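Working notes, beginning with the structure itself.
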Amino acid sequence: MVMIAHYRAALGLSDPFTGSFWLGVDLFFVVSGYVFGRHLDEGVGPLPAYALRRLARILPLYWVVLVLYASASPLGFTAFVPHALMLHTAGSLALAQSYNAAFWSLPVELCFYGTVPLLAALMQKRSKRLVLGLALAVGVGLQALISWQALAGWPSLAADAANHAPDANRWLWLHFQLPGRWLEFVFGFLAYAWVKRQQGVAPGASRCLVMGLKLRFVLGFALGLTAALGCLAWAARIAQVPESAWKMLWLMQLPWLFALCVMPVVAALAYWAQMSFWRGARTKRLTALATFAGALSYGLYLLHNLPPLWLPRAGVWVHAGLSLAMAWLLHRVVEAPALSWARSKGARGNKSTAHHREGS
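When we follow this note's numbering, the leftmost residue of the sequence shown carries the number 1, and every step to the right adds one.
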């Protein structure tokens with residue numbers, strides 16, 4: 001979705017619907033919350049090992065790609081340091097998107113990683129429903145506060161946009177930080193909790209007649225997908241409205257509304273992927289394809305805006321193919337070795353900690 005949104009001009013897509021595909025980033029936040037839902041149940045293990053794995057997941061490949069963007073950008077390395085330190089979203093939206101429009105989401109994801117151990121620790125001491133309920137309430141409260149305060153500061157925001165000045169409206173700035181996107185990660189947590197709860201239901205309960213799919217997941221998938229498409233259409237409609245405070249307010253609500261719509265879709269797809277009818281001759285091929293796509297997804301997300309800087313006159317398929325090739329190469333050379341090193345380092349740290357505890 002994000003690639004289509006960024007390549008739409010080269011693809012000759014002028015319709016406002018594909019212009020709303022920037023909401024694909026928020027889909028990623030929901031998926032990320034779902035993936036980390038397991039840690040809320042099982043814990044994250046030793047914090048140093050967890051932190052090392054998370055940093056190795058984000059930073060090494062990002063730093064290499066950042067050098068490539070700085071080398072190709074008219075800005076050069078003038079904005080390199082705040083980007084390298086993950087502080088590029090702490091100044092202005094213009095700085096956050098100066099090299100690559102996709103870079104703004106990385107500090108959000110990194111900050112989210114920091115909250116997972118805290119929530120996991122709380123769930124070990126308190127009711128899981130209570131912790132998830134509090135997380136949801138915090139997300140709703142933050143969204144309401146940020147939206148209201150940003151609306152109140154619209155005149156200063158409009159002046160800043162006209163003068164290309166740093167953002168004086170810090171509440172709108174928070175919309176692009178973890179507080180403004182927290183609700184989307186919580187929706188991922190809820191999707192994980194929903195799937196896990198249904199795994200314990202008796203096999204014959206609440207099933208659809210088609211392939212043994214649970215009816216609630218069929219309905220959730222259908223309704224969620226329909227609502228998500230409606231949300232994209234609404235985003236396209238709003239984009240055509242003249243700039244105003246109310247347009248800004250609606251645009252600020254679209255990410256979490258879209259995330260809410262795709263939550264049952266993510267849950268249904270995750271549940272169905274675990275069902276027994278996938279087992280068979282095609283399982284290895286499907287698993288290999290999914291593993292390959294997952295391995296390249298982060299690199300492709302970071303790199304897809306780079307080929308247009310290098311080869312502005314080349315066609316969109318050249319850009320897409322080059323992005324895919326670079327994502328594969330950097331995964332093999334940078335990303336996979338960094339993750340392997342972090343896992344082995346964390347495993348050695350876990351063993352030494354266990355030996356120390358046994359000796360004490």
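Glycine included, every Cβ here is placed at the ideal spot set by N, Cα and C. Fair warning: this is a prediction, and the values are worked out from it, not measured in the lab.
Exercise. Classify W182 as buried or exposed, calling it buried when 16 or more other Cβ atoms lie within 10 Å of its own Cβ.
Key: Walking along the sequence shown from the start, residue 182 turns up at place 182. It is buried - the Cβ of W182 has at least 16 other Cβ atoms within 10 Å.
Practice problem: Starting from T89, trace the alpha helix (DSSP H) both ways and give me its first and last residue. | Solution: What you label residue 89 is simply residue 89 of the sequence shown in a count that begins at 1. No alpha helix (DSSP H) contains T89, which DSSP labels as neither H nor E.
Quiz item: Cβ of A267 versus every heavy atom of the ligand GTP: is any distance shorter than 7 angstroms?
Solution: No copy of the ligand GTP occurs in the structure displayed, which carries no ligand at all.
Self-check item: Residues near V195 in its chain [Cβ-Cβ closer than 7 angstroms; skip 5 each side]
Solution: Sequence index remark: in the sequence shown, residue 195 carries index 195 (1-based). Cβ within range, chain order: A267, A270, Y271.
Quiz item: How would you call S206, buried or exposed, if buried means at least 16 neighbouring beta carbons within 10 angstroms?
Solution: Within the sequence shown, the letter at position 206 stands for residue 206. The predicted position of S206 is uncertain, since its pLDDT is 43 and thus under 50; a value taken from the coordinates is nonetheless stated next. By the neighbour-count rule (16 or more Cβ atoms within 10 Å), S206 is not buried but exposed.
Exercise. Using three-state DSSP, classify H319 as helix, strand or coil.
Key: Stepping through the sequence shown from its first residue, residue 319 is reached at position 319. Helix at H319.
Quiz item: In the structure shown, what three-state DSSP assignment does F29 receive?
Solution: In the sequence shown, the residue the question calls residue 29 occupies position 29. F29: helix per DSSP, three-state reduction.
Practice problem: Count the C-beta pairs between the region 217-227 and the region 64-73 that are closer than 8 angstroms, then say yes if the count reaches three, no if not. | Solution: no
Self-check item: Span separating the alpha-carbon of P179 from that of K345
Solution: For this step, residue 179 is matched to residue 179 along the sequence shown. For this step, residue 345 is matched to residue 345 along the sequence shown. Looking at the two C-alpha atoms, the distance is approximately 32 angstroms.
Self-check item: Whether W104 touches F176 by CB criterion (8 angstroms)
Solution: Counting from one through the sequence shown, the residue named residue 104 turns up at place 104. Counting from one through the sequence shown, the residue named residue 176 turns up at place 176. Yes, they are a contact pair.
Practice problem: Could you check which residue in Y50, A49, L52, A102 has the C-alpha nearest to that of Y69? | Solution: If you number the sequence shown from 1, residue 69 lands on position 69. Measuring from the Cα of Y69, the nearest candidate turns out to be A102.
Exercise. Evaluate contact between the region 113-129 and the region 39-48, counting only Cβ atoms and requiring at least three cross-stretch pairs below 8 angstroms.
Key: yes
Quiz item: Are the Cβ atoms of L300 and R57 separated by less than 8 angstroms?
Solution: Position 300 of the sequence shown holds residue 300. Position 57 of the sequence shown holds residue 57. Not closer than 8 angstroms, so no.
Quiz item: Is there at least one Cβ from chain C nearer than 8 angstroms to V31's Cβ?
Solution: Looking for chain C here will not work: only one protein chain is present.
Self-check item: Span of the alpha helix (DSSP H), counted from its first residue to its last, around F221
Solution: As a position in the sequence shown, residue 221 is number 221, starting the count at 1. F221 -> alpha helix (DSSP H) spans 215-239.
Quiz item: Terminal residues of the continuous alpha helix (DSSP H) containing Q124?
Solution: The residue given as residue 124 occupies position 124 in the sequence shown. That run of the alpha helix (DSSP H) goes 105-125.
Quiz prompt | Spatial neighbours of L322 in its chain, beta-carbon cut-off 6 angstroms, leaving aside the 5 residues before and after | solution = Translated into the one-based positions of the sequence shown, residue 322 becomes position 322. Contacts found: P307.
Quiz prompt | Local conformation of V210 per DSSP, three classes | solution = To locate residue 210, count along the sequence shown from 1; it is residue 210. Unreliable placement is indicated for V210, whose pLDDT of 45 sits below 50; no coordinate value is reported for it.
Quiz item: Any idea if T78 is buried or exposed, counting beta-carbon neighbours within 10 angstroms, 16 or more meaning buried?
Solution: Here residue 78 is taken as the residue at index 78 of the sequence shown, counted from 1. By the neighbour-count rule (16 or more Cβ atoms within 10 Å), T78 is not buried but exposed.
Quiz item: In this structure, does DSSP put A314 in helix, strand or coil?
Solution: Here residue 314 refers to the residue found at position 314 of the sequence shown. If DSSP states are grouped into helix, strand and coil, A314 belongs with coil.
Practice problem: Could you tell me how far apart the beta carbons of V30 and E184 are, in whole angstroms, since I believe they sit closer than 8 angstroms? | Solution: Start at 1 with the first residue of the sequence shown, and residue 30 comes out as number 30. Start at 1 with the first residue of the sequence shown, and residue 184 comes out as number 184. That pair is a contact at about 6 angstroms.
Quiz prompt | Contact set for S73: own chain, Cβ-Cβ below 8 angstroms, skip 5 residues either direction | solution = Taking the sequence shown and counting its residues from 1, the one referred to as residue 73 is at position 73. Excluding residues within five positions, the ones whose Cβ falls inside 8 angstroms are S98, Y99, L309.
Quiz prompt | Selected residue, minimal CA-CA separation from N305, among L254, M326, T226 | solution = Counting from one through the sequence shown, the residue named residue 305 turns up at place 305. The shortest Cα separation from N305 among L254, M326, T226 belongs to M326.
Quiz item: With 16 as the cutoff for other CB atoms within 10 Å, does W173 come out buried or exposed?
Solution: By 1-based counting over the sequence shown, the position of residue 173 is 173. W173 comes out buried.
Quiz item: In chain order, what residues of the same chain have a beta carbon less than 6 angstroms from the beta carbon of G114, not counting five sequence neighbours either side?
Solution: Against the sequence shown, residue 114 aligns to sequence position 114. So no residue of the chain qualifies.
Quiz item: Do the region 258-267 and the region 223-236 meet, that is, are 3 or more Cβ pairs less than 8 angstroms apart?
Solution: yes
Self-check item: Contacts around R54, its chain only, beta-carbon distance under 8 angstroms, and the 5 residues preceding and following it disregarded
Solution: Position 54 of the sequence shown, counting from 1, holds the residue named residue 54. Excluding positions up to five away in sequence, the list reads L110, Y113.
Self-check item: Residue interval of the alpha helix (DSSP H) (run including E335)
Solution: The residue given as residue 335 occupies position 335 in the sequence shown. E335 -> no alpha helix (DSSP H), and no H or E assigned at all.
Quiz item: How many Å lie between M86 and S71 at the Cα?
Solution: As a position in the sequence shown, residue 86 is number 86, starting the count at 1. As a position in the sequence shown, residue 71 is number 71, starting the count at 1. If I take the Cα positions, the gap works out to 18 angstroms.
Quiz item: Is L95 helix, strand or coil when you go by DSSP?
Solution: On the sequence shown, position 95 is the one that residue 95 refers to. The answer is helix: DSSP assigns L95 an H, G or I state.
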